[in-house]
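Visitor: The C-terminal residue of the sequence shown carries number 461 in the working numbering, and the numbering is unbroken. Beta carbons: idealized from backbone N, C-alpha and C, even for Gly.
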Amino acid sequence: MKIAVVGTGYVGLVLGACLAENGNNVICVDKDQSKIDTLNAGRIPIYEPGLEELVRRNGQEERLTFTTALASAVQASEIVFIAVGTPQGEDGAADLQHVLAVARDIGGAMNKYTVVVDKSTVPVGTAKRVREVIAKQTTQTFSVVSNPEFLKQGAAIEDFMKPDRVVVGVEDGDDRAAVLMNELYGPFTRTGAPILVMSTESAELSKYAANSILATRISFMNEIANVCELVGADVDAVRKAIGSDRRIGTSFLFPGVGYGGSCFPKDTQALLRSAADQGYDFKILRAVEDVNQRQKARLVEKMEQHFKDFSGRTIALWGLAFKPRTDDMREAPAIPIIEQLLKKGATVKAYDPAAAPVARRLFDGRIALCDKSYDALAGADALAIVTEWNEFREPDFRKMRTLMKAPVIFDGRNIYSPEQMQALGFTYFSIGR
């Protein structure tokens with residue numbers, strides 16, 4: 029198929045590269061010429077395992093190209109994906125200005141029947157707004173489809189190539205678009221994953237509902253962890269007990285310092301706003317957000333109880349990205365943790381395998397960013413673990429003790445066992461244990 033993808037951010041790049049990998053001819057469009065030049069050279073501006081290789085290979089095979097020329101890309105394509113950002117507004121609602129501007133440009137460029145697909149995460153009713161905008165610009169027949177993404181950062185390629193499900197929202201009676209989308213995604217679902225065709229409203233809500241329920245599980249487990257500390261229970265034992273129930277399962281039940289990233293915080297806020305716009309108070313989701321914000325302060329609270337005073341203290345911090353295998357620091361728990369430590373007078377030395385360039389821009393010299401994990405430990409009064417990168421799971425603990433001023437660890441992701449740490453001579457604090 030001939031496909032255009034408007035927007036070369038995280039979603040657009042993964043979408044374009046994976047569709048090209050499957051043999052489609054894909055043109056990715058962005059208005060930023062320097063970004064397009066970088067991509068045409070086979071380099072990508074984000075960190076996602078496997079993506080750079082995919083972009084380079086499909087570029088060399090001439091299945092994947094990058095351009096700033098939106099009109100010609102639209103005219104050359106059967107399906108046009110809108111994959112631009114929907115940043116969170118001050119009221120929590122998704123800002124649709126970029127989506128609607130692209131829709132207007134697509135409408136103005138159409139020269140034949142075209143399927144226009146909302147791939148951006150958008151609130152319920154966006155497909156109808158996109159249709160209205162396009163209809164004002166063209167006399168061509170067209171379809172508008174909602175096709176939300178369910179990609180996990182750090183595993184996006186596998187998620188796209190082997191999806192749990194594909195959600196396709198079509199307008200009433202639009203069999204033509206449904207058939208075309210089934211044809212596009214058929215090769216990715218040969219192992220039996222369903223292609224779920226529904227209304228555009230249901231598809232739009234599916235994305236927000238999925239992320240909101242996962243965020244709810246995280247916040248719920250963090251509340252359980254806090255209760256465990258008060259009553260002397262072990263959250264790991266509780267997690268295993270409830271996760272063994274087939275109705276519950278084990279995923280997203282790990283306590284820690286809260287969730288972050290570009291999806292959970294933004295999508296829960298957007299769903300809260302959408303519900304409020306309809307006069308509905310989504311109380312559970314509001315509580316999920318409140319718990320998550322409080323949880324980001326837990327590690328510093330534990331440090332404060334131990335040290336009493338941060339003046340003259342140096343805190344090493346392992347992990348800056350909101351999760352492993354990404355450089356994304358949007359809403360990352362590391363940010364409020366570092367800000368609190370600096371406010372209280374501590375010096376912070378941090379290490380992350382991928383996110384240091386992002387942190388350098390965010391903190392602008394206010395923290396020391398180290399090239400190696402052990403460099404952050406030299407002279408530190410304590411280590412705070414904020415992101416559970418694999419390389420942190422089995423470090424050289426004896427080397428750590430020789431480097432640190434005091435063998436104190438505040439583990440915000442519970443990656444070590446309390447018994448192991450005690451045997452190695454560390455003063456160890458974790459979440460819910």
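Do you know offhand how far Glu89's Cα is from Ile107's?
Guide: Computed Cα separation, rounded: 21 Å.
Visitor: Got a sec, what are the start and stop residues for the beta strand (DSSP E) Ala221 sits in?
Guide: Per DSSP, Ala221 belongs to no beta strand (DSSP E) and is neither H nor E.
Visitor: Return the first residue and the last residue of the beta strand (DSSP E) that Tyr456 is part of.
Guide: Counting along the chain, the beta strand (DSSP E) containing Tyr456 begins and ends at 455-457.
Visitor: Threshold first: 3 residues or longer. Then list the beta strand (DSSP E) segments lying entirely within the segment 156-204, N to C.
Guide: As far as the segment 156-204 is concerned, its whole beta strand (DSSP E) runs of at least 3 residues are 170-174, 194-198.
Visitor: From what residue to what residue does the alpha helix (DSSP H) around Lys268 run?
Guide: Start and end: 263-271.
Visitor: Closest to Ala434 by C-alpha separation, out of Ile413, Trp417, Leu405, would be which residue?
Guide: For Ala434, the nearest C-alpha among the options comes from Leu405.
Visitor: Closer than 8 Å is the cut-off here; do at least three beta carbon pairs connect the segment 416-430 with the segment 290-298?
Guide: Short answer: they don't touch.
Visitor: Under 8 Å: do the segment 331-344 and the segment 307-318 share three or more Cβ pairs, one atom per stretch?
Guide: No contact exists between the segment 331-344 and the segment 307-318.
Visitor: In this structure, does DSSP put Phe310 in helix, strand or coil?
Guide: Note: Phe310 maps to coil in three-state DSSP.
Visitor: So Gln165 and Gly136 are in contact, right, with Cβ under 8 Å, and what is the actual spacing, rounded?
Guide: The Cβ separation is near 4 Å, so the contact holds.
Visitor: When the Cα of Phe335 is compared with those of Arg193, Leu411, Pro176, which residue comes out closest?
Guide: It is Leu411.
Visitor: What would DSSP say about Ser62, mapped onto helix, strand or coil?
Guide: Of the three classes helix, strand and coil, the one that applies to Ser62 here is helix, per DSSP.
Visitor: Which full runs of the alpha helix (DSSP H) of 4+ residues lie inside the segment 95-128, going along the chain?
Guide: DSSP runs (the alpha helix (DSSP H)) wholly in the segment 95-128: 98-103.
Visitor: Is Val130 helix, strand or coil by DSSP?
Guide: Val130: helix per DSSP, three-state reduction.
Visitor: Taking C-beta to C-beta, are Phe188 and Lys147 nearer than 7 Å?
Guide: Cβ distance not < 7 Å, so Phe188 and Lys147 don't count as in contact.
Visitor: Nearest to Lys400 by CA position, among Ala378, Ser100, Glu359, Thr96, is which residue?
Guide: That would be Ala378, whose Cα lies nearest to the Cα of Lys400.
Visitor: Return the chain-ordered list of same chain residues with a C-beta closer than 6 Å to the C-beta of Gly440, the five sequence neighbours on each side being excluded.
Guide: Here the set comprises Gly284, Val285, Leu327, Ile413, Val414.
Visitor: Is it true that the CB of Ala221 sits closer than 7 Å to the CB of Val195?
Guide: No. Outside cutoff.
Visitor: I'd like the list of long-range same chain contacts for Leu397, defined as Cβ closer than 7 Å, with 5 residues on each side in sequence excluded.
Guide: Same-chain partners within the cutoff: Ala378, Ala384, Ala387, Arg388.
Visitor: Whose C-beta lies closer than 6 Å to the C-beta of Asp58 among residues of the same chain, with five residues either side of it excluded?
Guide: For Asp58, where only same-chain residues beyond five positions count, the Cβ hits under 6 Å are Thr36, Ile64.
Visitor: Which ranges would you report for the alpha helix (DSSP H) in the segment 36-86 if only whole runs of at least 4 residues count?
Guide: Counting whole runs of 4 or more residues, the segment 36-86 contains the alpha helix (DSSP H) stretches 38-49, 61-68.
Visitor: In the DSSP output, what is Val33 paired with across the bridge?
Guide: Per DSSP, Cys56, Phe109.
Visitor: Under the DSSP definition of a beta bridge, which residues are partnered with Leu411?
Guide: BP columns for Leu411 point to Ala344, Ile437.
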